Amino acid sequence: MKAKVGYSVEADSFKSGVETTTMAIEGMKNAKVGLLFTSCVLDQKEIMKGVSSVSNIPYIGCTSSAAIVVSGAGYLGNESGYSGMMAFDGEDLVVGVAASERDGEPREVGKKIAREAIKNAGINKIPSYFFMTASPKEEEEYLLGIQDVIGRVPMFGGSAADNTVEGNWSVICNGKAFSDGCAVAFFYANNECKTNYTGAYRETDHVGIITEVQNKRTLVSIDGVSALTKYAEWIGSTPEEIKGANLLAASITKPLGVKDPLGNLTAIRHPMFGDDKNTPSTEDDVMNLGNHLVEKTAIIQMEATVDELIQSNSKTIEELNQMMKKEPCAYFLVHCGGRRLGIAMEKREQEIYDEIKKAAKDKPFIVAFTFGEYGYREHSANTCGGLSLSFTGFSE
8 MKAKVGYSVE
18 ADSFKSGVET
28 TTMAIEGMKN
38 AKVGLLFTSC
48 VLDQKEIMKG
58 VSSVSNIPYI
68 GCTSSAAIVV
78 SGAGYLGNES
88 GYSGMMAFDG
98 EDLVVGVAAS
108 ERDGEPREVG
118 KKIAREAIKN
128 AGINKIPSYF
138 FMTASPKEEE
148 EYLLGIQDVI
158 GRVPMFGGSA
168 ADNTVEGNWS
178 VICNGKAFSD
188 GCAVAFFYAN
198 NECKTNYTGA
208 YRETDHVGII
218 TEVQNKRTLV
228 SIDGVSALTK
238 YAEWIGSTPE
248 EIKGANLLAA
258 SITKPLGVKD
268 PLGNLTAIRH
278 PMFGDDKNTP
288 STEDDVMNLG
298 NHLVEKTAII
308 QMEATVDELI
318 QSNSKTIEEL
328 NQMMKKEPCA
338 YFLVHCGGRR
348 LGIAMEKREQ
358 EIYDEIKKAA
368 KDKPFIVAFT
378 FGEYGYREHS
388 ANTCGGLSLS
398 FTGFSE
């Protein structure tokens with residue numbers, strides 16, 4: 008397998024698609040797929056027209072929050088827009104791509120696009136690994152539907168994002184752009200592909216039992232105490248100080264975590280909005296989180312400094328290199344947009360590139376900033392979480 012990246016900071020959406028694709032496929036005999044990431048301020052339809060004017064390469068991706076990072080170019084956070092693509096080629100590589108808006112129950116949509124991706128690959132087999140992107144709401148359900156068809160196959164990817172958490176995101180796939188739905192790329196390959204999926208946070212001694220959850224993502228109570236009250240106590244704050252959108256920023260360095268049954272993976276849960284008055288509950292002080300929660304399981308307060316958030320980029324790549332039996336030839340890196348926000352609040356976002364470059368050296372890489380991150384650890388299930396890194400390496 009070979010991989011190459013292209014990018015553009017052109018404000019004209021059509022030209023952005025042209026420049027990015029031209030650079031990404033240059034020198035490739037027969038590029039099989041492109042993973043495409045753009046700014047929500049650009050016209051996604053015009054970007055896709057630009058891509059198609061250069062090549063008939065299948066492509067899939069989403070909008071990235073506030074920036075992308077590209078090897079050889081750095082941190083691209085232009086307010087007027089940006090786009091980037093990682094293109095893949097290989098004699099033995101086959102890729103099947105499919106997407107759908109949410110036109111039914113998400114699990115059924117997941118089944119449908121999984122079957123379409125197999126059909127489009129032209130190989131009636133389970134893929135070697137797959138990429139997924141979806142709107143940031145029902146990722147777990149889409150994943151269940153996909154796995155109903157192909158089983159537990161290694162995955163990587165992340166959710167579409169915008170710059171202001173207002174729903175201006177898009178999932179992108181072969182001429183389609185939509186805000187609510189899912190897309191997949193099934194890879195049939197002989198190369199090694201590994202994902203290091205981590206929050207890279209430290210556990211604290213603050214832990215409790217989830218005693219009430221509503222609508223899968225609203226945490227009502229911990230240990231029988233209103234969730235916002237318990238969380239505020241843990242982080243040395245008050246419910247009043249972290250109500251509303253204040254919770255999102257306050258929790259970037261102090262999120263919550265849930266362990267998988269073997270303890271190999273602590274999936275991060277990002278508290279995003281406090282005191283949701285629209286939630287029917289006897290408690291006002293609830294928290295909306297970015298991913299699913301389960302009653303009668305433990306939840307842990309995690310923590311990390313901004314220094315640690317920045318340094319985790321190089322450390323996660325170094326760990327990934329150790330996980331792989333063969334030397335990586337390229338890296339596809341999914342970095343949480345909220346995590347990026349916490350770093351940007353201290354005006355240190357440029358350091359993300361420096362840390363990644365230090366570990367990736369001269370290998371091509373691209374970073375998308377998402378509102379949900381997908382991956383797995385050794386012997387864990389495929390998992391959706393937030394405030395995380397899903398760093399994937401590919402060998403030749």
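For the sequence shown, the working numbering begins at 8 and goes up steadily by one.
Where a beta carbon is used, it is the ideal one built from N, C-alpha and C, also for glycine.
Predicted model only: the values in this text are computed from it and were never measured.
Return the residue from the list the options that minimises the CA-CA distance to residue i.
{"i": "residue 93", "options": "309, 228, 68, 306", "result": "68"}
{"i": "residue 207", "options": "322, 130, 340", "result": "322"}
{"i": "residue 111", "options": "188, 62, 58", "result": "188"}
{"i": "residue 274", "options": "245, 150, 393", "result": "393"}
{"i": "residue 360", "options": "395, 212, 369, 320", "result": "320"}
{"i": "residue 96", "options": "196, 186, 125, 162", "result": "196"}
{"i": "residue 109", "options": "298, 365, 132, 148", "result": "148"}
{"i": "residue 80", "options": "12, 107, 106", "result": "12"}
{"i": "residue 90", "options": "173, 71, 269", "result": "71"}
{"i": "residue 337", "options": "364, 124, 86", "result": "364"}
{"i": "residue 39", "options": "17, 65, 269, 222", "result": "65"}
{"i": "residue 106", "options": "15, 190, 278", "result": "190"}
{"i": "residue 296", "options": "331, 258, 31, 313", "result": "258"}
{"i": "residue 35", "options": "56, 194, 10, 100", "result": "10"}
{"i": "residue 124", "options": "306, 194, 220, 308", "result": "194"}
Applying the 10 Å Cβ sphere with the 16-neighbour rule, what's the burial state of residue i?
{"i": "residue 170", "result": "buried"}
{"i": "residue 271", "result": "exposed"}
{"i": "residue 1", "result": "Examination of residue 1 is not possible in this model, given that the chain is present from 8 through 403 alone."}
{"i": "residue 282", "result": "buried"}
{"i": "residue 329", "result": "exposed"}
{"i": "residue 139", "result": "buried"}
{"i": "residue 354", "result": "exposed"}
{"i": "residue 209", "result": "exposed"}
{"i": "residue 33", "result": "exposed"}
{"i": "residue 86", "result": "exposed"}
{"i": "residue 264", "result": "buried"}
{"i": "residue 17", "result": "buried"}
{"i": "residue 205", "result": "buried"}
{"i": "residue 222", "result": "exposed"}
Does the Cβ-Cβ distance between residue i and residue j come in under 8 Å?
{"i": "residue 267", "j": "residue 388", "result": "yes"}
{"i": "residue 380", "j": "residue 165", "result": "yes"}
{"i": "residue 490", "j": "residue 300", "result": "What the structure shows of the chain is the stretch from 8 to 403, and residue 490 is not part of that stretch, so it cannot be assessed."}
{"i": "residue 42", "j": "residue 88", "result": "no"}
{"i": "residue 318", "j": "residue 362", "result": "yes"}
{"i": "residue 340", "j": "residue 398", "result": "yes"}
{"i": "residue 102", "j": "residue 128", "result": "yes"}
{"i": "residue 218", "j": "residue 302", "result": "yes"}
{"i": "residue 435", "j": "residue 371", "result": "Residue 435 lies beyond the residue range present for the chain, which begins at 8 and ends at 403; the question has no answer from this structure."}
{"i": "residue 61", "j": "residue 29", "result": "yes"}
{"i": "residue 261", "j": "residue 199", "result": "no"}
{"i": "residue 292", "j": "residue 233", "result": "yes"}
{"i": "residue 246", "j": "residue 252", "result": "no"}
{"i": "residue 37", "j": "residue 104", "result": "no"}
{"i": "residue 345", "j": "residue 277", "result": "yes"}
Do you know offhand how far residue i's Cα is from residue j's?
{"i": "residue 289", "j": "residue 315", "result": "Caution is warranted here: a pLDDT of 47 is assigned to residue 289, below 50, making its placement in the model unreliable, and the coordinate value is therefore given only provisionally. Going by the C-alpha atoms only, they are around 38 Å apart."}
{"i": "residue 214", "j": "residue 304", "result": "10 Å"}
{"i": "residue 385", "j": "residue 203", "result": "9 Å"}
{"i": "residue 120", "j": "residue 145", "result": "15 Å"}
{"i": "residue 348", "j": "residue 155", "result": "35 Å"}
{"i": "residue 294", "j": "residue 74", "result": "28 Å"}
{"i": "residue 192", "j": "residue 63", "result": "16 Å"}
{"i": "residue 83", "j": "residue 230", "result": "44 Å"}
{"i": "residue 25", "j": "residue 327", "result": "32 Å"}
{"i": "residue 22", "j": "residue 168", "result": "22 Å"}
{"i": "residue 20", "j": "residue 52", "result": "8 Å"}
{"i": "residue 122", "j": "residue 44", "result": "24 Å"}
{"i": "residue 396", "j": "residue 163", "result": "10 Å"}
{"i": "residue 54", "j": "residue 135", "result": "30 Å"}
{"i": "residue 8", "j": "residue 333", "result": "12 Å"}
{"i": "residue 324", "j": "residue 391", "result": "20 Å"}
{"i": "residue 157", "j": "residue 137", "result": "10 Å"}
{"i": "residue 141", "j": "residue 241", "result": "32 Å"}
{"i": "residue 116", "j": "residue 126", "result": "15 Å"}
{"i": "residue 248", "j": "residue 237", "result": "13 Å"}
{"i": "residue 343", "j": "residue 132", "result": "32 Å"}
{"i": "residue 143", "j": "residue 98", "result": "35 Å"}
{"i": "residue 58", "j": "residue 27", "result": "8 Å"}
{"i": "residue 352", "j": "residue 130", "result": "47 Å"}
{"i": "residue 212", "j": "residue 118", "result": "40 Å"}
{"i": "residue 186", "j": "residue 150", "result": "17 Å"}
{"i": "residue 172", "j": "residue 269", "result": "34 Å"}
{"i": "residue 235", "j": "residue 227", "result": "8 Å"}
{"i": "residue 47", "j": "residue 220", "result": "32 Å"}
Is residue i a contact residue of the ligand ADP, with contact defined as CB to any heavy atom under 7 Å?
{"i": "residue 354", "result": "Among the ligands in the structure shown, none appear at all, so the ligand ADP cannot be discussed."}
Q: Evaluate contact between the segment 368-376 and the segment 171-182, counting only Cβ atoms and requiring at least three cross-stretch pairs below 8 Å.
A: no
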